[in-house]
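Presented below is the structure to which this report refers.
Protein chains: 2
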Amino acid sequence: MAEVRTSTSPGSFEVTEPAGERDRWDVFQWDAREDCEVRQILDRIADKWSLLVISLLEERTMRFNELRRAIDGISQRMLTVTLRNLERDGLVCRTVYAEVPPRVEYCLSPLGRTLLGTIQSLVRWTEEHQEEIVRARAEFDDAAG
Amino acid sequence: MAEVRTSTSPGSFEVTEPAGERDRWDVFQWDAREDCEVRQILDRIADKWSLLVISLLEERTMRFNELRRAIDGISQRMLTVTLRNLERDGLVCRTVYAEVPPRVEYCLSPLGRTLLGTIQSLVRWTEEHQEEIVRARAEFDDAAG
DNA sequence: CGGAATCCTAGTGGATACTG
DNA sequence: CAGTATCCACTAGGATTCCG
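Chains A and B supply the protein sequences, listed in that same order.
The opening position of the first sequence corresponds to residue 115 in our numbering, with each subsequent residue numbered one higher.
The opening position of the second sequence corresponds to residue 115 in our numbering, with each subsequent residue numbered one higher.
Laid out in structure tokens, this is it:
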């Protein structure tokens with residue numbers, strides 16, 4: 115086990131967690147211990163393709179090619195990789211039916227469901243504020259020449 | 115201007131927006147028009163460094179090196195790039211004080227503030243569920259050999 | 001159908017050094 | 001202090017081909 119840091123957590127202003135016996139890390143610290151899992155996880159969840167996949171799986175189970183078609187522009191490789199990672203992280207369940215032709219279905223795990231609200235609000239925010247951002251960009255760009 | 119698609123949006127199951135006169139796109143479609151802004155924006159917001167920066171700027175304005183120290187492990191280059199992008203997107207405000215030595219402060223814009231809740235819930239989720247995910251990974255990995 | 005494997009390129013991002 | 005600039009390793013990710 116990595117030794118317990120005496121919590122000089124630089125980022126969070128006195129979050130005051132009882133420094134003893136923590137196996138949990140905040141996203142602002144980084145060192146080599148366990149390959150910095152928290153950051154990895156944040157990176158995985160905050161991934162464009164992951165967000166879209168999870169978002170789509172809200173209402174129902176979907177098949178591979180169904181997801182592929184639903185997410186316009188995703189390559190087969192990236193969908194494969196994304197789904198695999200989400201499955202590994204326990205966010206998505208994969209079910210293979212022993213049929214010919216093969217059928218594979220993906221759905222959200224209970225853990226995945228706990229993320230759903232947040233993710234959808236992120237996606238919704240993006241859709242709702244796109245014009246503002248495009249406008250801000252234009253303004254910034256021509257101010258800077 | 116890109117012509118308005120007649121909305122064969124494949125991803126969203128009948129979101130039923132009044133197809134006429136929309137300048138807004140959903141994140142599931144993709145084609146060349148305007149370099150696919152929505153996706154770009156989603157990608158920017160759902161970026162590890164962006165999330166951390168915005169999260170930190172919740173309570174107060176911060177200076178460059180202050181942010182640098184707060185986000186353990188971020189390179190100076192990435193902080194520069196991230197801040198620049200966030201500023202360009204109108205999410206963060208940059209204020210330069212004409213002093214020696216120079217002082218530059220960053221804070222959230224009103225638009226940035228509308229994102230804050232969502233982002234923090236994402237960050238919090240990550241911190242809270244890290245053990246579960248680490249466990250899921252271990253399980254997956256040794257099931258697969 | 002649902003992938004896995006290979007190849008290959010554009011971009012990400014760290015390290016380092018220099019500047020106003 | 002708050003950057004910019006350069007170099008460079010690494011990898012993300014598209015295109016293509018093959019497989020059970």
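Note that beta-carbon positions come from the ideal geometry of N, C-alpha and C, so glycine has one too.
All values reported here derive from a predicted model rather than from experimental measurement.
- Comparing C-alpha distances from B/T228 to each of B/G204, B/E213, B/Q244, B/E241 shows the shortest one belongs to B/G204.
- Within the same chain, W163, R182 come within 7 Å of A/I188 by CB-CB distance, once the 5 residues on both sides are set aside.
- Under the three-state reduction of DSSP output, B/E151 falls in the helix class.
- The region 230-240 of chain A and the region 247-254 of chain B do not touch, with fewer than 3 CB-CB distances between them shorter than 8 Å.
- When Cβ-Cβ separations below 7 Å define contact, B/S189 makes no contact with chain A.
- For A/T196, no Cβ of chain B is located within less than 7 Å of the residue's own Cβ.
- Excluding the 5 residues flanking it on each side, A/V206 has same chain C-beta neighbours closer than 8 Å at V167, I168, L171, L197, L200, Y220, C221, L222, S223, G226, in chain order.
- DSSP, read as helix, strand or coil, puts B/L171 in coil.
- Along the region 200-231 of chain A, the positions whose C-beta sits under 9 Å from a C-beta of chain B are E201, R202, D203, G204, L205, S223, L225, T228, L229, G231, read in chain order.
- Non-local beta-carbon contacts of B/V141 in its own chain, meaning distances under 6 Å to residues more than five positions away in sequence, involve V152, L156 in chain order.
- B/Q143 counts as buried, since no fewer than 16 other beta carbons sit within 10 angstroms of its beta carbon.
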